[in-house]
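Below you'll find the structure, written out as structure tokens, and then a few comments.
In the numbering used here, the protein residues as written are 5 to 137.
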């Protein structure tokens with residue numbers, strides 16, 4: 005018998021009903037969450053948990069890199085920053101250096117904050133167009 009988990013149901017529904025822009029925002033937030041988990045695990049001396057969390061953050065960055073629209077000129081610069089953030093995570097994981105995790109988190113935070121603004125601007129435009137109808 006399956007136990008009904010309302011939180012899991014909510015998460016599943018939020019992913020299934022989100023726009024591509026909102027899904028990208030979720031990826032940024034998830035990446036930051038895993039970087040923070042890795043940093044905390046490192047501070048606690050739990051190297052296995054640190055490694056697992058950082059690998060999850062790296063997987064998200066890899067997904068962001070793969071899904072970049074290469075036809076947009078800014079994507080080349082974004083790819084370079086994603087690669088740099090990923091290299092900081094790799095080096096931080098190998099060297100057990102939380103400062104390198106922070107460097108990666110700073111880059112991802114900038115992307116996330118910018119993406120949030122883009123979503124808000126698009127919503128405002130969308131609602132402005134609805135009001136005109």
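All C-beta atoms, glycine included, are put in the ideal place defined by N, C-alpha and C.
Here the structure is a predicted model, which is why all the values come from computation and not from measurement.
Under the three-state DSSP convention, the category residue i falls into
| i | result |
| --- | --- |
| residue 76 | coil |
| residue 56 | helix |
| residue 71 | coil |
| residue 101 | coil |
| residue 8 | coil |
| residue 22 | coil |
Closest Cα partner of residue i within the set the options
| i | options | result |
| --- | --- | --- |
| residue 55 | 83, 30 and 94 | 94 |
| residue 42 | 83, 124, 53 and 120 | 53 |
| residue 69 | 88, 51 and 123 | 88 |
| residue 27 | 8, 47, 45 and 64 | 64 |
| residue 57 | 112, 115, 117 and 97 | 97 |
| residue 74 | 116, 83 and 66 | 83 |
| residue 25 | 131, 119, 132 and 130 | 119 |
| residue 161 | 115, 91 and 131 | Residue coverage of the chain in this structure runs from 5 to 137, which leaves residue 161 outside it and unanswerable. |
| residue 106 | 79, 44, 78 and 50 | 44 |
| residue 100 | 49, 8 and 126 | 49 |
Where the alpha helix (DSSP H) containing residue i begins and where it ends
| i | result |
| --- | --- |
| residue 49 | Here residue 49 belongs to no alpha helix (DSSP H), and DSSP marks it neither H nor E. |
Own chain residues within Cβ distance below 7 Å of residue i, not counting five before or after
| i | result |
| --- | --- |
| residue 40 | none |
| residue 14 | With a pLDDT of only 49 at residue 14, under the threshold of 50, the placement of this residue in the model should not be trusted, and no figure is reported. |
Cut-off 6 Å between Cβ atoms - residues of its own chain near residue i, not counting five sequence neighbours on either side
| i | result |
| --- | --- |
| residue 60 | 38 |
| residue 111 | 85 and 89 |
| residue 116 | 32 |
Contact set for residue i: own chain, Cβ-Cβ below 8 Å, skip 5 residues either direction
| i | result |
| --- | --- |
| residue 5 | Note that residue 5 scores 48 on pLDDT, short of 50, meaning its location in the model is unreliable; the coordinates nonetheless yield the value given after this. Excluding residues within five positions, none has a Cβ falling inside 8 Å. |
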